[in-house]
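Residue numbers (the numbering used here): 96 to 292.
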């Protein structure tokens with residue numbers, strides 16, 4: 096962990112022994128040793144005290160660990176997205192199988208198949224919700240961002256800016272499509288009403 100290395104580095108830069116740091120931070124020498132050997136981590140009170148003792152910001156003291164934690168979470172989310180992809184394929188195949196059961200299984204098949212379809216539809220919605228939650232948490236909106244994310248990569252700033260511009264274009268196109276469709280439907284409804292008179 097970066098925090099243990101940072102504590103040891105800052106302590107040695109000051110020319111302090113573990114006992115000297117322990118006295119200044121109101122802990123035992125063994126506690127300082129445990130921090131530096133990754134056997135334990137300082138609590139928030141000790142972190143604030145260490146930050147003050149060493150004259151560094153809390154951010155500077157723990158920054159490496161925060162970045163590693165972000166990477167770990169990002170990697171876990173990417174792995175979850177891959178599992179969700181396979182799960183959704185299996186759910187759709189199971190739905191297809193249930194429709195065959197309903198069609199070919201007689202009365203019992205219809206009841207059992209309908210029950211399974213209801214359960215699978217609920218599962219599909221939960222899977223989709225989890226997928227959207229991960230995409231939202233990691234600001235993934237375009238397919239390129241999605242592919243980069245599940246492969247453990249990030250789009251560089253230039254590519255990200257292009258994707259943001261695409262998002263705006265896609266939103267405008269969606270609004271135009273919805274407005275046009277609405278206008279066509281309204282015109283068709285008016286036409287049908289006029290013909291019925």
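C-beta: ideal position from N, C-alpha, C; glycine also.
>> So residue 132 and residue 99 are supposed to be a Cβ contact under 8 Å. How far apart are they, rounded?
In response: Contact between residue 132 and residue 99 holds: CB atoms are separated by about 7 Å, below the 8 Å threshold.
>> Just to confirm before moving on: does the CB-CB distance between residue 126 and residue 117 stay below 8 Å?
In response: Less than 8 Å separates the beta-carbon of residue 126 from that of residue 117.
>> Quick check on the DSSP output: the alpha helix (DSSP H) that includes residue 107 runs from which residue to which?
In response: Where residue 107 is concerned, the enclosing alpha helix (DSSP H) stretches over 97-109.
>> For residue 190, tell me which candidate among 276, 261, 282, 216 has the shortest Cα-Cα distance.
In response: Nearest in C-alpha terms to residue 190, of all of 276, 261, 282, 216, is 216.
> Within this structure, are the beta carbons of residue 208 and residue 196 separated by less than 8 Å?
Replying inline: Between residue 208 and residue 196, the gap from beta carbon to beta carbon is short of 8 Å.
> Cα separation between residue 235 and residue 272?
Replying inline: Answer to the nearest angstrom: the Cα atoms are 23 Å apart.
> Which whole runs of the alpha helix (DSSP H) in the stretch 180-244 are 4 residues long or more, in chain order?
Replying inline: Entirely contained in the stretch 180-244, the alpha helix (DSSP H) runs reaching 4 residues are, in chain order, 201-232.
> Since residue 245 and residue 177 are thought to touch, with beta carbons under 8 Å apart, how far apart are those beta carbons, to the nearest angstrom?
Replying inline: With a Cβ gap of about 6 Å, residue 245 and residue 177 count as contacting.
>> Can you tell me whether residue 251 is helix, strand or coil according to DSSP?
In response: Three-state DSSP puts residue 251 in coil, outside helix and strand.
> Contact between the stretch 147-158 and the stretch 101-115: three or more CB pairs below 8 Å?
Replying inline: Taking a cut-off of 8 Å for Cβ pairs, the stretch 147-158 and the stretch 101-115 touch, as three or more such pairs fall below it.
>> Just to confirm my understanding: we take residue 57, look at its own chain, exclude 5 residues before and 5 after, and list those with CB closer than 8 Å. What are they?
In response: Residue 57 lies beyond the residue range present for the chain, which begins at 96 and ends at 292; the question has no answer from this structure.
> Do residue 154 and residue 233 come within 8 Å of each other at the CB atom, strictly closer than that value?
Replying inline: For residue 233 and residue 154, no; Cβs fall outside 8 Å.
> Start and end of the alpha helix (DSSP H) containing residue 151?
Replying inline: Taken as a continuous stretch (DSSP letters only), residue 151 belongs to no alpha helix (DSSP H), as it is neither H nor E.
> Secondary structure at residue 118, three-state DSSP: helix, strand or coil?
Replying inline: Three-state DSSP puts residue 118 in a helix.
> Taking the alpha-carbon positions, what's the residue 267 to residue 193 distance?
Replying inline: C-alpha of residue 267 to C-alpha of residue 193: approximately 39 Å in a straight line.
>> Mapping the DSSP letters down to three states, classify residue 141 as helix, strand or coil.
In response: Residue 141: helix per DSSP, three-state reduction.
> Between the beta-carbon of residue 175 and the beta-carbon of residue 139, is there less than 8 Å?
Replying inline: Cβ atoms of residue 175 and residue 139: not closer than 8 Å.
> Residue range of the alpha helix (DSSP H) that residue 127 falls in?
Replying inline: Counting along the chain, the alpha helix (DSSP H) containing residue 127 begins and ends at 124-131.
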